[in-house]
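Residue numbers (mature numbering (1 follows the signal peptide of the UniProt record, and there is no 0)): -18 to -1, 1 to 238. See below for the structure under consideration.
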Amino acid sequence: MKYSLIFMVTVIVWKVSANLSKEAKKRCESYTSIFENDSIDLQYAYVEDIHDGRGYTSGRAGFTTGTGDAILVVKKYTEIKADNPLAKFIPELERLAKKGSGDVSRLGGYPSAWKEAAKDPKFREVQDEVNDDLYYRPAMVRAKKAGVKSATGMCALYDCVIQHGDGDDGDSLGAIIKRTETSEGGPVKDDEKKWLKTFLKTRRYDLQHPYNQDTEEEWKNSVDRVDAMVKMIDEGNMEMKGPIHVKTPNHDLTIP
């Protein structure tokens, strides 16, 4: 599943993680946004059932109603602003998260409520905070442990965690790193490019043959986000320097 309580631990050890510069992080987030929403701008109001078994996918990080991260966003926002259009969905979101269910039959009005909430700067700030707690910081902790030091390498792990999550399943970022280290004989040693390309090859295979078969149809059409990262590495852009032209069969955008 995409979300795991493991993030509570990774927040505690944040001080020993790697980190991207402000500029590199912005470009990395734009890179991920291209493949999530075909835009270099973060799409806080986005919401759609993409039929991947995870319910509604919504917001800047693709928070889903079936995996436990959408409910965290909604509850955190409700703590700040009790009277909001999403608060009424909390009981159902909790039920879905507990079951890991992609059912949306009892979420009538959820898409319009999310879009309405996204007009509020506070709701957008909450999305940023939950994204960093659940995905950015855990990815940076993983990068530190794996010996990944380049900005592009850190971004590769971040983009992976956004799509795959950092749970305890076979499709997670941690599982993909583990398989990479099995192939490479451990964390990065001298050749980070080689290690990263093995990581990306492993992730690409997982997208085509996921453990969670509910995601297979959607994921097999998203391998271009891995291919574009490999191209960036092959071109020698290991520090997310702009401009970055991302051209794939599905996207053609430039990150400044």
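Note that the Cβ used here is the ideal one computed from N, Cα and C, for glycine as well.
Next on the checklist: Just to confirm my understanding: we take Met(-11), look at its own chain, exclude 5 residues before and 5 after, and list those with CB closer than 7 Å. What are they?
Outcome noted: On the sequence shown, residue -11 is found 8 positions in, with the first residue counted as 1. Confidence in Met(-11) is poor, its pLDDT being 42 and thus under 50, which makes the residue's placement too unreliable to answer from.
Checklist entry - Does the stretch 37 to 57 come close enough to the stretch 103 to 116 to have 3 or more Cβ pairs within less than 8 Å? => result yes
Next on the checklist: Could you check if Pro120 belongs to the surroundings of the ligand NAP, using beta carbon to heavy atom distance under 7 Å?
Outcome noted: Ligands are entirely absent from the displayed structure, and the ligand NAP is therefore not among its contents.
Checklist entry - Where Gly90 and Asp31 are concerned, what is the direct C-alpha to C-alpha distance, given to the nearest angstrom? => result Counted from its first residue, the sequence shown places residue 90 at position 108. Counted from its first residue, the sequence shown places residue 31 at position 49. For Gly90 and Asp31, the gap between their C-alpha atoms comes out near 12 Å.
Item to check | Residues of its chain near Ile226, where Cβ-Cβ distance is below 6 Å and the 5 sequence neighbours each way are ignored | outcome: One-based indexing of the sequence shown puts residue 226 at position 244. Ile237, listed in sequence order.
Checklist entry - Unbroken alpha helix (DSSP H) runs of length 4 or more, entirely within the stretch 79 to 121: which are they? => result 92 to 99 and 103 to 113
Next on the checklist: Let's test the definition: count the other Cβ atoms within 10 Å of the Cβ of Lys171 and tell me whether it reaches 16, buried, or not, exposed.
Outcome noted: Numbered from its first residue, the sequence shown carries residue 171 at position 189. With fewer than 16 neighbouring CB atoms inside 10 Å of its own CB, Lys171 falls in the exposed class.
Item to check | Inter-residue CB distance, Val205 and Gln190 (contact presumed, cutoff 8 Å) | outcome: Stepping through the sequence shown from its first residue, residue 205 is reached at position 223. Stepping through the sequence shown from its first residue, residue 190 is reached at position 208. Sure, about 7 Å apart at Cβ, within 8 Å.
Checklist entry - Is Met222 closer than 8 Å to Cys137 when the C-beta atoms are compared? => result In the sequence shown, the residue the question calls residue 137 occupies position 155. In the sequence shown, the residue the question calls residue 222 occupies position 240. It is a contact, given that the beta carbons lie within the stated cut-off.
Item to check | Limits of the beta strand (DSSP E) - the one that Glu217 falls within | outcome: Here residue 217 corresponds to residue number 235 of the sequence shown, with the count starting at 1. Careful: Glu217 lies outside any beta strand (DSSP E) and carries neither H nor E.
Next on the checklist: Can you tell me which residues form a DSSP beta bridge with Thr134?
Outcome noted: To locate residue 134, count along the sequence shown from 1; it is residue 152. According to DSSP, Thr134 bridges with nothing at all.
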